[in-house]
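What follows is a single structure, written as structure tokens, with notes after it.
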């Protein structure tokens, strides 16, 4: 970030004494809190006033608002800056702390605190640098005489791949021959670390005088859209003393389950929802307006006299009307009736959340735990069985229980008894009608889920756009926090997160899901069943099944069943606990193109009990199985990239199930039994122009695990691919070719493949290489690529006849 002429790092190093160290913890009784702001107000322009602290002065073209206990800078365009300052504050030996809610990657943004601000623009700044891949760093700098000088930059030991709340603390002390500047940052809700960056500034440009304080933010030039960042719990303390460090506070660990190993963030450019609060859909003159903070359900619903609840707006609306929601948190569960076609959307550039939780403040301490009265205890029945072992893993026995508690936005982990409660956990007790937590709620926001669904849409043609849905205690019977149960529905630019079971449940035709982010939902991001002629595109599914249900019969990112004419394109289904994308149960005529599916704990993509699919241009890496084909036929698998898989790149398996046998209960109810289009018999699979990296196991496996069919009987074609050369037994077999039930022969070279079928022309590397080292081999292999068939080309947006190996 360079908004002014910047002095070089080497020059800065020459004027600094000291290094990055941990400072001693000492106390100073003379401290005074000069700013304390929890933003418990609502404003539509500006941030209002802090008490103490005075009025905020804002600058920049971004929008400044306050609502739901968060101050927000929204609509910050790429390569622009914004600031909010407290000019009436004067502090010299000063400590500033707040929580910053940064948006999900890929966004480059630099929220910062400013201390000792002088009237001529001189100041010290601590920037939280958020990179486009989620990497984080703290940079300390000094602005003096119009020159920004970088004092230090320290990478942080955690990332922000998804929307994340980060605590930042900044301190400046000293007024003589040296000035001490220190900063630290950590995920909100985790233990505060020691100081991560400490600098002693002895230059002649050091700022010795007291000054005002402020918040500054810059949005990276490379951002695809405007950004939105939130701030909460701002405290500024004066008189802290040159060596005063507030003792570390013990807090519970983050309890939202992380990915088992730190994933490489996928490129999600152009995918996922816009940040909540940054969309700007037109407001029709006939719109019904709702404002939870200032409206009344006795009002007319105009912009000047808005309603208060979405339920009242739906009741008032005529079919075809638009309902516009002003900024705020809507704690509601509503239904769009079958006779109404509505559009429900946020007001331009205002943050709107449907939130299934309520704040709980009346806690009483009992030893090392805290209790509060509570009356909402959702059912743990899954298909009529409490904690159904078909779905619930014994190692995660609470998975089927939808109860949820969040402390400062971080989910606590449910345990089975009050006696088991420790820091970071909770227990809901229907017997005593209480909820017990092990995290000290003092000075924290504690929210407990007490609604099961946000929106149930029965009205055909309804559109939902531009808001978020979070923290609903959805039961398995309720299925989804959002239920879509009629045809021709559209959802776009929604964030669906932290719901107990499934984010969206759809039973409808002509569904469009566009630019939606599904994250940290308990079982799945979305399930769509009997959804004909539907499309999911430009969306992100990540860290779903965070309650760790068994990966079968259903869990992971997205599952589509009993559907026909379904397109899944340009999505990211990475880092889910289970399968990223799963088509199942007699789905037919599928288009799966240009997706990314990396770092899931089961398959990247699975096609099961289905038929007629194009799987092309997908980046499928670092999963146990890249593409898993089970009992499916008539697939064209073209130009995908498989790398660093745990076991297999492409796994093709036949078992004993047959569509003609109704006892299996996985048939499409709209189709006959038997159905000649979907037989559940593996056959007619073309695998061409794919690239296989290096791992242990198998690059391709095809076999029958139950009924004795050989791979020769499956009519599989392997041509135009670039395989990885197998030089040792520890490297992946090129192709395991089934010879009977659970038996196979190894075809460990392209020559062996050609001996199997002379028409199969493939290439292999000269040594074992990851895909990142295969660039020249990929170019060379294009000469033997299979010309792209017309149907695959149309599905992938490429030219018919294109000869290319690997991703388009």
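Residue numbers (mature numbering (1 follows the signal peptide of the UniProt record, and there is no 0)): -29 to -1, 1 to 779.
Cβ coordinates follow ideal geometry from the N, Cα and C atoms, glycine included.
Do residue 457 and residue 347 have their C-beta atoms closer together than 8 Å?
One-based indexing of the chain shown puts residue 457 at position 486. One-based indexing of the chain shown puts residue 347 at position 376. Result no, Cβ atoms of residue 457 and residue 347 do not sit closer than 8 Å.
Segment contact, 8 Å Cβ cut-off, at least three pairs: the segment 283 to 294 with the segment 12 to 25:
no
From residue 313 to residue 41, what does the alpha carbon distance come to, in whole angstroms?
The residue labelled residue 313 in the question sits at position 342 within the chain shown. The residue labelled residue 41 in the question sits at position 70 within the chain shown. Roughly 30 Å between the two C-alpha positions.
Excluding the 5 residues flanking residue 108 on each side, which residues of the same chain have their C-beta closer than 7 Å to its C-beta?
In the chain shown, counting from the first residue as 1, residue 108 sits at position 137. For residue 108, where only same-chain residues beyond five positions count, the Cβ hits under 7 Å are 100, 124, 125, 126 and 127.
To the nearest angstrom, how far is the alpha carbon of residue 766 from that of residue 720?
Here residue 766 refers to the residue found at position 795 of the chain shown. Here residue 720 refers to the residue found at position 749 of the chain shown. So the two alpha carbons sit approximately 31 Å from each other.
Coarse secondary structure for residue 762, derived from DSSP in three states:
Here residue 762 refers to the residue found at position 791 of the chain shown. Correct three-state label for residue 762: helix.
Best match in 338, 438, 386 and 448 for proximity to residue 353 [C-alpha to C-alpha]
On the chain shown, residue 353 is found 382 positions in, with the first residue counted as 1. Minimum Cα-Cα distance from residue 353 among the listed residues 338, 438, 386 and 448 corresponds to 448.
Quick one, which of 30, 4 and 300 has its alpha-carbon nearest residue 781's?
In the structure as shown, the chain starts at -29 and stops at 779, and residue 781 therefore has no counterpart that could be examined.
So, do the segment 505 to 520 and the segment 594 to 603 have three or more beta carbon pairs nearer to each other than 8 Å?
Judged by Cβ distances under 8 Å, the segment 505 to 520 makes no contact with the segment 594 to 603, as fewer than three pairs qualify.
CB contact flag (residue 295, residue 318, <8 Å):
If you number the chain shown from 1, residue 295 lands on position 324. If you number the chain shown from 1, residue 318 lands on position 347. Contact: yes.
Since residue 507 contacts residue 545 with CB under 8 Å, what's their CB separation in whole angstroms?
In the chain shown, counting from the first residue as 1, residue 507 sits at position 536. In the chain shown, counting from the first residue as 1, residue 545 sits at position 574. Not a contact, Cβ separation roughly 15 Å.
As a quick exercise: from 292, 670, 626 and 68, pick the residue whose alpha carbon is nearest that of residue 679.
Here residue 679 refers to the residue found at position 708 when the chain shown is read from its first residue. When each option's Cα is compared against that of residue 679, the closest is 626.
Helix, strand or coil: how does DSSP classify residue 230 here?
The count along the chain shown starts at 1 and reaches residue 230 at position 259. Residue confidence is low: residue 230 scores 31 on pLDDT, short of 50, so the model does not pin down where it sits. Its coordinate-derived value is still stated next. Looking at residue 230 - three-state DSSP - the assignment turns out to be coil, as it is neither helix nor strand.
Take residue 387 as the anchor and find which of 662, 399, 377 and 538 has the nearest alpha-carbon.
Along the chain shown, read from residue 1 onward, the residue named residue 387 stands at position 416. Minimum Cα distance to residue 387 is reached at 399.
In this structure, how does DSSP classify residue 614 when only helix, strand and coil are distinguished?
Here residue 614 refers to the residue found at position 643 of the chain shown. Strand at residue 614.
Just how far apart, CA to CA, sit residue -9 and residue 197?
As a first step, residue -9 must be located in the chain shown, where it is residue number 21. As a first step, residue 197 must be located in the chain shown, where it is residue number 226. Residue placement at residue -9 cannot be trusted, given a pLDDT of 35 that sits under 50; the coordinates are not used to answer.
Of the residues 183, 142 and 527, which one's Cα is nearest the Cα of residue 61?
Here the question's residue 61 lines up with position 90 in the chain shown. It is 183 whose Cα lies nearest to the Cα of residue 61.
Taking the Cβ atom as the reference point for each residue, do residue 300 and residue 258 lie within a distance shorter than 8 Å?
Position 329 of the chain shown holds residue 300. Position 287 of the chain shown holds residue 258. It is not a contact, given that the beta carbons lie outside the stated cut-off.
If we ignore side chains and look at the alpha-carbon of each, how far apart do residue 681 and residue 709 end up?
The sequence position of residue 681 within the chain shown is 710, counting from 1. The sequence position of residue 709 within the chain shown is 738, counting from 1. Approximately 5 Å, taken between the alpha carbons.
Given a threshold of 16 other Cβ atoms within 10 Å of its Cβ, counted over all protein chains shown, does residue 722 qualify as buried or as exposed?
As a working note, residue 722 is residue 751 in the chain shown. Exposed: under 16 other Cβ atoms inside 10 Å.
Between the segment 145 to 153 and the segment 168 to 182, do at least 3 Cβ pairs fall closer than 8 Å?
yes
Is it the case that the Cβ atoms of residue 178 and residue 43 are separated by a distance below 8 Å?
Taking the chain shown and counting its residues from 1, the one referred to as residue 178 is at position 207. Taking the chain shown and counting its residues from 1, the one referred to as residue 43 is at position 72. Not in contact: residue 178 and residue 43 (Cβ atoms no closer than 8 Å).
Residue ranges of each beta strand (DSSP E) within the segment 494 to 562, 3 or longer:
495 to 500, 506 to 508, 511 to 513, 527 to 532, 535 to 540 and 550 to 555, all fully within the segment 494 to 562.
Measure how close the beta-carbons of residue 80 and residue 191 come, nearest whole angstrom, since I'm counting them as under 8 Å.
Working through the chain shown from its first residue, we reach residue 80 at position 109. Working through the chain shown from its first residue, we reach residue 191 at position 220. Sure, about 6 Å apart at Cβ, within 8 Å.
Please identify the residue among 534, 479, 475 and 502 whose C-alpha is closest to the C-alpha of residue 512.
For the purposes of this step, residue 512 is taken as residue 541 along the chain shown, with counting starting at 1. It is 475.
Using the C-alpha atoms, what's the distance from residue 561 back to residue 753?
Here residue 753 is taken as the residue at index 782 of the chain shown, counted from 1. Here residue 561 is taken as the residue at index 590 of the chain shown, counted from 1. Distance between the alpha carbons of residue 753 and residue 561: 26 Å.
Inter-stretch contact at 8 Å, needing at least 3 Cβ pairs: the segment 481 to 492 / the segment 462 to 470:
yes
Can you look up residue 733 in the DSSP assignment and give me helix, strand or coil?
Looking up residue 733 in the chain shown gives position 762. Coil at residue 733, not helix or strand.
Span of the alpha helix (DSSP H), counted from its first residue to its last, around residue 286
As a first step, residue 286 is located in the chain shown; it is residue number 315 there, counting from the start. Here the alpha helix (DSSP H) through residue 286 covers 281 to 287.
Which of helix, strand or coil DSSP assigns to residue 644:
The residue you call residue 644 lines up with position 673 of the chain shown. Coil.
Once the 5 residues before and after residue 575 are set aside, which same chain residues still bring their CB inside 6 Å of it?
In the chain shown, residue 575 corresponds to position 604, counting from 1. Residues of the same chain with a CB within less than 6 Å of the CB of residue 575, apart from the 5 flanking positions on each side, are 551, 568, 591, 594 and 597 in chain order.
For the segment 726 to 742 against the segment 633 to 644, do three or more pairs of beta-carbon atoms, one drawn from each stretch, fall closer than 8 Å, so that the two count as touching?
no
Given residue 436, which residues of its chain have a CB within under 8 Å of its CB, disregarding the five upstream and five downstream residues?
On the chain shown, residue 436 is found 465 positions in, with the first residue counted as 1. Cβ within range, chain order: 250, 252, 314, 315, 316, 317, 461, 462, 463, 464 and 465.
Quick check on residue 114: buried or exposed, where buried means 16 or more other Cβ atoms within 10 Å of its Cβ?
The residue labelled residue 114 in the question sits at position 143 within the chain shown. When all chains shown are included, residue 114 counts as buried.
Residue burial classification, residue 713 (beta-carbon count within 10 angstroms, cutoff 16):
Taking the chain shown and counting its residues from 1, one reaches residue 713 at position 742. Exposed, since its Cβ has fewer than 16 Cβ neighbours within 10 Å.
What residues match up with residue 330 in a beta bridge as DSSP calls it?
Locating residue 330 in the chain shown gives position 359, counting from the first residue. 418.
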